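In our numbering, each residue carries its 1-based index in the sequence shown increased by 15. Where a beta carbon is used, it is the ideal one built from N, C-alpha and C, also for glycine. Here the structure is a predicted model, which means the values were calculated and not measured. For reference, the structure discussed in these notes is given below.
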Amino acid sequence: MAGGVPCLINLLSWLPGHSGFGSYVQRVVPGLEGLRLQLSAAGEAVLVPSEHWSPEPPPWAPSHRLRWLQRYSLVQHGLDLKSLWQQQGLAMPDGATPEPELIYSPFFDAMLCWPEVPQLITCHDLTPLVASNSRKAWLRYRFWQPRHCRTATRIIAISRYVADQLVAFGVPAAKLCVIPNGIQLQRPPIPAPASDDLLALARHDVNKNLPALFRGVAQLQRRWPQWQGRLRIIGRGGRQTPLVRRLQRQLPRPEQVELLEALPQEQLVACLRSSLALISASSEEGFDYPVLEAKAEGLPTLISDIPVHREFHAGSSLFFPTDDEGVGFADQVQELRTDGALWSHLSRAGLDLARSLSVEAQIAQIRDQLMALGAT
C-alpha cells in the first residue's frame with residue numbers, strides 16, 4: 016500500500032465455534048495481505064500481521080459487556096480502535112490522524128469509526144429480512160445495516176440474487192460486485208452411491224424450511240416403503256427445534272430420521288460420501304455452501320426450487336417444489352435411487368461446477384477489488 020500503511024482486515028465479527036461465516040474467513044483471508052484485527056484470548060483487540068496469523072476462531076471475550084457486543088457483532092463499538100492503530104506505530108507518515116489506507120471485511124459490517132477510509136465489505140445474505148429467527152435480527156438488518164452499506168465504498172455480494180436484494184434494499188448498484196464462493200477439491204469423487212441414506216446440513220432455523228423436508232420424507236416412506244435408508248439432519252438446534260422433533264415423531268417411521276447437532280469434520284465427510292444425495296429444502300439462502308461442498312465430493316444434490324439455487328445449480332441438481340406436500344421430493348429420491356445413469360450425470364455435472372468455482376479465483380477477485388479501491 017502507498018505510504019507503507021497496510022490494509023486492515025476486520026475480523027471483529029468472527030464468532031467462536033464453527034459457522035459458515037467462520038469457514039469463509041478460513042478459506043479466503045489466508046490468501047490476502049493485511050493486518051488482521053480481532054480479539055485476543057484476553058478479550059483485547061489486537062492487530063496481527065498476516066505472517067503471524069492463524070485461521071483459528073477467536074475465543075469468547077472474558078468480560079460480560081464485550082461478550083454481549085461480540086454476540087451481536089458490535090465489538091467495534093466497545094473498543095478505541097483509533098488508539099489501537101496509533102499504539103501500533105501505524106500513524107500516517109505526514110503526522111495526520113492515524114487511520115488505515117484501506118479496510119476489508121469478510122462480514123457485512125463497515126468500520127464506522129473510519130467513514131473516510133475506502134472499505135470493501137461482504138454481504139452473504141439478507142435472510143433476517145425475509146425469514147428471520149428473531150425480531151432483534153430483523154430490526155438490526157432493517158435499521159442498522161443501512162448505515163454499514165452507506166459507509167462501505169464497495170460491497171461484495173456472494174450471488175447475483177443477493178446483489179438484487181441489496182439493490183431492492185436501497186444500495187446503489189454501482190457499489191456492488193458479485194464474487195461467488197469458491198471451493199477446493201480435496202478427494203477423488205464418489206464413484207457410486209454407497210447407501211440409500213440422505214443428508215441435510217441445516218440448522219433448525221426458519222429459512223432452512225425443515226417442515227417441507229419432513230413432508231417429503233413422509234411421502235417417501237408412504238410411496239416407497241422399500242426405502243431402507245436414513246435421513247440425517249446435521250445442524251444446531253434453535254427456535255424451531257420443538258417443531259422439528261414433533262414432525263419427526265409424526266412420521267410413519269420416525270426412526271429413519273436422525274437429528275445430530277454436529278459431527279467432527281472427518282466423520283461429516285464420511286457421512287456425506289456414504290450418502291445417496293445431499294438435500295436442501297431452504298426457502299431462503301444467499302448461496303447455500305453445503306450444496307457446493309457435496310458437489311466437490313461428486314455427491315448428487317436434491318434441492319428446493321428457489322432463485323439462488325437456480326442461479327448456480329441449474330443442470331447439475333434435481334429441484335423439488337416445497338409446496339406440493341412432498342410428492343415431488345419423494346418421486347425424485349426414488350428416481351435417483353433407481354436410475355444409475357441419472358446419479359452419475361448429476362455427480363459429474365456437480366463436480367464440473369465445483370471445479371469452475373475455485374477458492375483461488377475468488378481470492379483473486381477480492382484482491383482486484385482491493386487494488387482498485389487502493390488506487391482511488
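Practice task
Using a threshold of 8 angstroms, state whether the C-beta atoms of residue 286 and residue 247 are closer than that.
Solution key: Indexing the sequence shown from 1 puts residue 286 at position 271. Indexing the sequence shown from 1 puts residue 247 at position 232. A contact, by the Cβ cut-off of 8 angstroms.
Exercise for the section: Please list, in chain order, all residues of the same chain as residue 209 whose beta carbon is under 6 angstroms from its beta carbon, the five residues on each side excluded. Expected result: Here residue 209 refers to the residue found at position 194 of the sequence shown. So the list reads 289, once near-sequence residues are dropped.
Handout entry: Nearest candidate by alpha-carbon position, reference residue 316, set 30, 84, 53, 344
Key = Stepping through the sequence shown from its first residue, residue 316 is reached at position 301. Among 30, 84, 53, 344, the Cα nearest to that of residue 316 belongs to 344.
Problem - Residues bridged to residue 134 (per DSSP) - result: Here residue 134 refers to the residue found at position 119 when the sequence shown is read from its first residue. Residue 134 has 118 as its beta-bridge partners, per DSSP.
Practice task
Name the one or two DSSP bridge partners that residue 164 has.
Solution key: As a first step, residue 164 must be located in the sequence shown, where it is residue number 149. Note: residue 164 sits in no beta bridge, so no partner.
Handout entry: Of the listed residues 165, 324, 125, nearest to residue 307 (C-alpha basis)
Key = One-based indexing of the sequence shown puts residue 307 at position 292. Checking every option, the nearest Cα to that of residue 307 belongs to 324.
Problem - Nearest neighbour of residue 310, chosen from 298, 294, 337 [CA to CA] - result: Here the question's residue 310 lines up with position 295 in the sequence shown. The shortest C-alpha separation from residue 310 is found at 294.
Exercise for the section: Check whether the region 234-254 touches the region 270-282, taking contact to mean three or more Cβ pairs, one atom from each stretch, closer than 8 angstroms. Expected result: Contact holds: three or more Cβ-Cβ distances are below 8 angstroms.
Handout entry: Same chain only: Cβ atoms within 7 angstroms of residue 56, ignoring 5 sequence neighbours per side
Key = As a working note, residue 56 is residue 41 in the sequence shown. So the qualifying residues of the chain are 74.
Handout entry: Selection from 380, 51, 264, 198 that minimises the alpha carbon distance to residue 120
Key = Against the sequence shown, residue 120 aligns to sequence position 105. The candidate whose alpha carbon is nearest that of residue 120 is 51.
Practice task
Buried or exposed for residue 197, please, with buried defined as at least 16 other CB atoms from any protein chain shown within 10 angstroms of its CB.
Solution key: In the sequence shown, counting from the first residue as 1, residue 197 sits at position 182. Buried.
Exercise for the section: Quick one: using the 10 Å Cβ neighbour count with 16 as the cut-off for buried, is residue 143 buried or exposed? Expected result: Mapped onto the sequence shown, residue 143 falls at position 128. Buried, because 16 or more other Cβ atoms sit within 10 Å of the Cβ of residue 143.
Handout entry: Residues sharing a beta bridge with residue 53, DSSP
Key = Residue 53 sits at position 38 when you count from the first residue of the sequence shown. Answer is 61, bridged to residue 53.
Problem - CB contact check: residue 282 to chain D, cutoff 8 angstroms - result: Here chain D cannot be found, since the structure has a single protein chain.
Practice task
Select from 48, 64, 183, 235 the residue whose C-alpha is nearest the C-alpha of residue 141.
Solution key: As a working mapping, residue 141 is identified with position 126 in the sequence shown. Distance from the Cα of residue 141 is smallest, within the candidate group 48, 64, 183, 235, for 183.
Exercise for the section: Look at the alpha carbon of residue 80 and the alpha carbon of residue 87, and state the distance between them as a whole number of angstroms. Expected result: As a first step, residue 80 is located in the sequence shown; it is residue number 65 there, counting from the start. As a first step, residue 87 is located in the sequence shown; it is residue number 72 there, counting from the start. Taking the straight line from one Cα to the other gives about 11 angstroms.
Exercise for the section: Please state whether DSSP places residue 249 in a helix, a strand or coil. Expected result: Counting from 1 along the sequence shown, the entry for residue 249 is found at position 234. Three-state DSSP puts residue 249 in a strand.
Handout entry: Proximal residues to residue 391 (C-beta, below 7 angstroms), its chain only, five neighbours per side dropped
Key = Counting from one through the sequence shown, the residue named residue 391 turns up at place 376. 133.
Exercise for the section: Identify whether residue 107 lies in helix, strand or coil by the three-state DSSP scheme. Expected result: Within the sequence shown, residue 107 is the residue found at index 92, counting from 1. The predicted position of residue 107 is uncertain, since its pLDDT is 49 and thus under 50; no value can be drawn from it.
Problem - Terminal residues of the alpha helix (DSSP H) in which residue 378 lies - result: Within the sequence shown, the letter at position 363 stands for residue 378. Where residue 378 is concerned, the enclosing alpha helix (DSSP H) stretches over 374-389.
Practice task
Give me the Cα-Cα distance between residue 31 and residue 72, rounded to the nearest whole angstrom.
Solution key: The count along the sequence shown starts at 1 and reaches residue 31 at position 16. The count along the sequence shown starts at 1 and reaches residue 72 at position 57. Approximately 5 angstroms, taken between the alpha carbons.
Practice task
Please confirm whether residue 91 and residue 135 have their CB atoms less than 8 angstroms apart.
Solution key: Here residue 91 is taken as the residue at index 76 of the sequence shown, counted from 1. Here residue 135 is taken as the residue at index 120 of the sequence shown, counted from 1. Residue 135 is positioned such that its CB atom lies no closer than 8 angstroms to that of residue 91.
Problem - Exposed unless 16 or more other CB atoms sit within 10 angstroms - verdict on residue 213 - result: Translated into the one-based positions of the sequence shown, residue 213 becomes position 198. So residue 213 ends up on the buried side.
Problem - Beta-carbon spacing of residue 298, residue 337 below 8 angstroms - result: Reading the sequence shown from its first residue, position 283 is the one you call residue 298. Reading the sequence shown from its first residue, position 322 is the one you call residue 337. Yes, these two residues count as a Cβ contact at 8 angstroms.
Problem - Among 28, 36, 23, 43, nearest to residue 380 - alpha-carbon criterion - result: Counting from one through the sequence shown, the residue named residue 380 turns up at place 365. Checking every option, the nearest Cα to that of residue 380 belongs to 43.
Exercise for the section: Round the Cβ separation of residue 302 and residue 147 to the nearest angstrom and send it over; I've been treating them as touching at under 8 angstroms. Expected result: Within the sequence shown, residue 302 is the residue found at index 287, counting from 1. Within the sequence shown, residue 147 is the residue found at index 132, counting from 1. With a Cβ gap of about 18 angstroms, residue 302 and residue 147 do not count as contacting.
Practice task
Have a look at 313, 186, 137 and flag the residue whose alpha-carbon is nearest the alpha-carbon of residue 378.
Solution key: As a working note, residue 378 is residue 363 in the sequence shown. Of the listed residues, the one whose Cα sits closest to residue 378 is 137.
Exercise for the section: Flag this pair as touching only if the region 340-354 and the region 229-238 have three or more C-beta atom pairs under 8 angstroms; answer yes or no. Expected result: yes
Handout entry: Within 8 angstroms, strictly: CB atoms of residue 216 and residue 369
Key = Counting from 1 along the sequence shown, the entry for residue 216 is found at position 201. Counting from 1 along the sequence shown, the entry for residue 369 is found at position 354. Their beta carbons are not under 8 angstroms apart, which means residue 216 does not touch residue 369 by this criterion.
Practice task
Sort 352, 165, 223 by Cα distance to residue 318 and report the nearest one.
Solution key: For the purposes of this step, residue 318 is identified with residue 303 of the sequence shown, where counting begins at 1. For residue 318, the nearest C-alpha among the options comes from 223.
Problem - Inter-residue Cα distance where the pair is residue 17 and residue 115 - result: As a first step, residue 17 must be located in the sequence shown, where it is residue number 2. As a first step, residue 115 must be located in the sequence shown, where it is residue number 100. Note that residue 17 scores a pLDDT of 42, beneath 50, so its modelled location is shaky; the value from the coordinates is reported in the next line. The alpha-carbon of residue 17 is positioned some 11 angstroms away from that of residue 115.
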